[in-house]
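See structure below.
In my numbering, the protein residues as written are 3 to 156.
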């Protein structure tokens, strides 16, 4: 019933792979890939999903401290690479410092697009490299999702 209603509204069904590629392209974090028990919502660029006016909630003090003292260790960043790279690939600076890790990726023509958790220290870097012998050049940018939902003062 739902499918027929959606089709009547000219809404096109897409595959799971197409949905995943769209999610990555828009920079929408996925639980267990870009956020979860291993990090906080600010690192995943979910600031727009956190209410500051709602009553008390678990982790509220931690989030407030991270924001107040600007202690966010990593940031979710979109990237484009000139070579094929896969999930789990370590990103480095030109000097060889560990800068982050690829969390989601897909091939789009001759480039790889994806998401990576990048050390806040290197999130504004023009380019990063991969640790492998391929040494792909990685161009970082803020995820579309974060640009649309984060307050401008971040």
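Virtual Cβ for every residue (Gly too), placed ideally from N, Cα, C.
CA-CA distance, residue i and residue j?
i, j, result
"residue 84", "residue 116", "12 angstroms"
"residue 142", "residue 128", "7 angstroms"
"residue 13", "residue 26", "21 angstroms"
"residue 57", "residue 39", "22 angstroms"
"residue 86", "residue 133", "13 angstroms"
"residue 96", "residue 90", "19 angstroms"
"residue 159", "residue 137", "Missing from the structure shown is residue 159; the chain here goes from 3 to 156 and no further."
"residue 156", "residue 55", "For residue 156, the predicted structure reports a pLDDT of 44, less than 50, and the residue's modelled location is therefore unreliable. A value from the coordinates is still provided. Taking the straight line joining both Cα atoms gives about 18 angstroms."
"residue 71", "residue 7", "49 angstroms"
Residues bridged to residue i by DSSP?
i, result
"residue 108", "115"
"residue 143", "80"
"residue 27", "In the DSSP output, where bridge partners are listed per residue, residue 27 has none listed."
"residue 151", "Note: residue 151 sits in no beta bridge, so no partner."
"residue 130", "140"
"residue 121", "76"
Report all residues from its chain with a CB closer than 8 angstroms to the CB of residue i; omit the five preceding and five following residues, and keep chain order.
i, result
"residue 24", "16"
"residue 102", "76, 79, 92, 93, 118, 119, 120, 121, 124 and 130"
"residue 22", "106 and 108"
"residue 158", "Here the chain comprises residues numbered 3 to 156, so residue 158 is not present and cannot be evaluated."
"residue 147", "28, 29, 30, 31 and 47"
Just to confirm my understanding: we take residue i, look at its own chain, exclude 5 residues before and 5 after, and list those with CB closer than 7 angstroms. What are they?
i, result
"residue 46", "31, 36, 37 and 78"
"residue 74", "44, 45, 68 and 122"
"residue 98", "none"
"residue 100", "92 and 94"
Between residue i and the rest of its own chain, which residues show a CB-CB distance below 6 angstroms, the 5 nearest in sequence each way excluded?
i, result
"residue 151", "50"
"residue 139", "84 and 129"
Measure how close the beta-carbons of residue i and residue j come, nearest whole angstrom, since I'm counting them as under 8 angstroms.
i, j, result
"residue 104", "residue 82", "In fact, because the Cβ distance is near 12 angstroms, the residues do not count as touching under 8 angstroms."
"residue 61", "residue 145", "So it is not a contact: roughly 22 angstroms between Cβ atoms."
**Q.** Complete runs of the beta strand (DSSP E) confined to the region 29-108 [at least 3 residues]
**A.** For the region 29-108, the full-length beta strand (DSSP E) segments reaching 3 residues or more read 76-83 and 92-94 along the chain.
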